[in-house]
Amino acid sequence: MLTTCKGKGEKMSELIIALIVIILAAYLIKKKYDIKLVMFGSGILLMLSALLMNKVILPSESSSGVPFFDIFKVMGNLFTKQLSGASFTLLLLFGYTAYMKAIRADEKTVSVLSAPLKHIKIKALLIPIFYLIGNFLCIIIPSSSSLSVMLMATAFPILTSAGVSPLAVGAVIATSATIAPTPLGADNLLASEALGLPVTDYVFNYHAKISIPIILMMAIVHFIWQKRQDHLERSEITSTLPKLKEVTDQLPMFYAILPMLPLLLMLIFYFVSDVNLGISEVIFFSLMVSILCEVIRMRSFQKGTAEIQAFFNGMGVGLTTVVAQVVAALTFVEGLKILGVIDLMGEVINHLNAAGLMLTLAFCLLALFVGLLSGSGLAIFYAFVELMPSFAESVGISAISLAIPMQFVSHLVKSISPVSPTVIIISSMMNVSPVRLIKRTIVPVLVGMVLSIVLTYVIL
Numbered sequence: 266m267l268t269t270c271k272g273k274g275e276k277m278s279e280l281i282i283a284l285i286v287i288i289l290a291a292y293l294i295k296k297k298y299d300i301k302l303v304m305f306g307s308g309i310l311l312m313l314s315a316l317l318m319n320k321v322i323l324p325s326e327s328s329s330g331v332p333f334f335d336i337f338k339v340m341g342n343l344f345t346k347q348l349s350g351a352s353f354t355l356l357l358l359f360g361y362t363a364y365m366k367a368i369r370a371d372e373k374t375v376s377v378l379s380a381p382l383k384h385i386k387i388k389a390l391l392i393p394i395f396y397l398i399g400n401f402l403c404i405i406i407p408s409s410s411s412l413s414v415m416l417m418a419t420a421f422p423i424l425t426s427a428g429v430s431p432l433a434v435g436a437v438i439a440t441s442a443t444i445a446p447t448p449l450g451a452d453n454l455l456a457s458e459a460l461g462l463p464v465t466d467y468v469f470n471y472h473a474k475i476s477i478p479i480i481l482m483m484a485i486v487h488f489i490w491q492k493r494q495d496h497l498e499r500s501e502i503t504s505t506l507p508k509l510k511e512v513t514d515q516l517p518m519f520y521a522i523l524p525m526l527p528l529l530l531m532l533i534f535y536f537v538s539d540v541n542l543g544i545s546e547v548i549f550f551s552l553m554v555s556i557l558c559e560v561i562r563m564r565s566f567q568k569g570t571a572e573i574q575a576f577f578n579g580m581g582v583g584l585t586t587v588v589a590q591v592v593a594a595l596t597f598v599e600g601l602k603i604l605g606v607i608d609l610m611g612e613v614i615n616h617l618n619a620a621g622l623m624l625t626l627a628f629c630l631l632a633l634f635v636g637l638l639s640g641s642g643l644a645i646f647y648a649f650v651e652l653m654p655s656f657a658e659s660v661g662i663s664a665i666s667l668a669i670p671m672q673f674v675s676h677l678v679k680s681i682s683p684v685s686p687t688v689i690i691i692s693s694m695m696n697v698s699p700v701r702l703i704k705r706t707i708v709p710v711l712v713g714m715v716l717s718i719v720l721t722y723v724i725l
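Following this line, the structure appears as structure tokens:
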């Protein structure tokens, strides 16, 4: 009896400590503290609490010998594991994207793919077609901020001059870089590794089955919603746009293919059964081809290789943003694990009716809440995707069915958060408040979120 009471008391203490830390973390995120710092700090606090409750941080064979320093060894182990797995591939992708930006090839791609818009005579079709083009570009340029700037500079003037309202164009741009099925996306790389699948299998066999119908439906909703909002509000908007045309016109047409080259190679070799080509090999090959193109264009080896440092700088950006964020999120989860909260969650889930659906909704609401506060729900997705296989097994559903809705909500929330970099960039370039832009994005985004849950359970 005493043991049972003690066990219940200990579980209650674990839960109270976790809730206090989570509430504190939410408060700090709301106050715009760096989310990486908040997650690292929360994880350390949870592990310190576990240590004070005489819990083991690391097993004896891997312990440093000093329990307090085991907390920091956990963080070191997480960094080591990430940098030897999917996160290294992620760094290469960041490097390649940065190199494409340095040689202006990404702008050439956007310029070439946006140009046909000016030849579409039926104005009503411009919004859905542009949304589909934006999602295709997201497959090649996964950075939502970079893609937003380029689309504002190239497609925005074309569409507004054709008579499409500026806010409608801004809303489409804000929702473009979200759930496109790309094996080059950081979230897809990390999710596929956590779920034990090759990234191409995860993206083409599962992700695309859900994301493509949602993208098509959101294109239709955009068409209806933007038309309705245009009738409700009519005002002139003066935008501040960068000039890209002069530079991209100087580049050869084939430069538009360079940002797409890794994706094209992945797609080609995906259908060749005897070839097991990874993203790392594809990135290195594409980089060599791009450098060769620069050398030929510049007619000088020295000038043609002048921008190569951008590749390594891009890897550094990937480390300090996404990889650091992933490790921070995993540190938080390790804290919850060591404290015993994850086991407690597992016990509670096992006793729930319709546990799979309840768990999916809980993860999606968590991503929505954190995303609205911080501008992106991906940090919390990175934290919990590692746990999804065990949670899914305990409730008898597929881990993929648990991961995809949360992943999509984590992305889509960026388009309705007033502190999202994408929303801030677009609204500032249009000289409007973020709230006015969000009024244009909220309905298509909510439709996308609901469909992500419904279609996952219907199709997968």
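In our numbering, the protein residues as written are 266 to 725.
Glycine included, every Cβ here is placed at the ideal spot set by N, Cα and C.
Cβ pair residue i, residue j closer than 8 angstroms
i, j, result
"I669", "Y471", "yes"
"L652", "A315", "no"
"S440", "M482", "Correcting the residue type first, residue 440 is Thr in the shown sequence and not Ser. Contact flag unset, no."
"L698", "G636", "Before going on, a small fix: residue 698 reads as Ser here, not Leu. Not closer than 8 angstroms, so no."
"L725", "S663", "yes"
"L412", "L424", "no"
"A427", "K492", "no"
"A575", "A418", "no"
"I404", "A445", "yes"
"G621", "G661", "yes"
"I645", "L626", "no"
"V650", "Q347", "no"
"S433", "R701", "Going by the sequence as given, residue 433 is Ala instead of Ser. No."
"L416", "V377", "no"
"P758", "L343", "The structure shown does not extend to residue 758, since the chain is modelled only from 266 through 725, so no value can be given for it."
"G579", "F305", "no"
"I322", "M312", "yes"
"I718", "I703", "no"
"V537", "L355", "no"
"V414", "I690", "yes"
"V303", "L317", "no"
"F469", "Y396", "no"
"L633", "V678", "yes"
"I479", "L716", "yes"
"Y647", "A594", "yes"
"L638", "A351", "no"
"P407", "T465", "no"
Local Cβ density within 10 Å of residue i, reported as buried at 16 or more and exposed below that
i, result
"L711", "exposed"
"V598", "buried"
"K295", "exposed"
"V331", "exposed"
"M694", "buried"
"S545", "exposed"
"E275", "exposed"
"R564", "exposed"
"F656", "buried"
"H487", "buried"
"M518", "exposed"
"N696", "exposed"
"P381", "exposed"
"Y722", "exposed"
"S596", "Sequence inspection shows Thr at residue 596; the Ser mentioned does not correspond to that position. Result: buried."
"S666", "buried"
"K297", "exposed"
"T585", "exposed"
"G583", "buried"
"E279", "buried"
"M266", "Reliability of the predicted coordinates at M266 is poor, the pLDDT of 45 falling under 50, and the value obtained from them is presented with this limitation in mind. That one is exposed."
"P524", "buried"
"M531", "buried"
"V540", "exposed"
"D335", "buried"
"G308", "buried"
Nearest-angstrom Cβ-Cβ length linking residue i and residue j, presumed shorter than 8 angstroms
i, j, result
"I614", "L357", "Actually they do not touch by this definition, with Cβ atoms about 37 angstroms apart."
"A370", "S409", "Between S409 and A370 the Cβ distance is about 19 angstroms, and since that is not below 8 angstroms, they are no contact."
"I368", "E559", "6 angstroms"
"D495", "Q672", "Their Cβ separation, rounded to whole angstroms, is 32 angstroms, which puts D495 and Q672 out of contact at 8 angstroms."
"I398", "I385", "About 11 angstroms; that fails the 8 angstroms criterion."
"G640", "S685", "4 angstroms"
"V429", "L391", "5 angstroms"
"L455", "P527", "Actually they are not in contact, since the Cβ atoms of L455 and P527 sit about 17 angstroms apart, beyond 8 angstroms."
"I475", "L720", "5 angstroms"
C-beta neighbour in chain D for residue i, strict 8 angstroms
i, result
"I438", "Here chain D cannot be found, since the structure has a single protein chain."
Item checked: Unbroken stretches of the alpha helix (DSSP H), 4 residues or longer, contained in the segment 631–679 -> The segment 631–679 contains these whole alpha helix (DSSP H) runs: 643–650, 653–660 and 664–677.
Note to self: Report the start-end ranges of each beta strand (DSSP E) in the segment 558–631 that is 3 residues or longer and not cut off at the edges.
What the structure shows: Runs of the beta strand (DSSP E) lying entirely within the segment 558–631 and spanning at least 3 residues: none are present.
Check: Which runs of the alpha helix (DSSP H), 4 residues or longer, sit entirely within the segment 317–390?
Finding: Within the segment 317–390, the complete alpha helix (DSSP H) runs of at least 4 residues are 332–348, 351–367 and 370–379.
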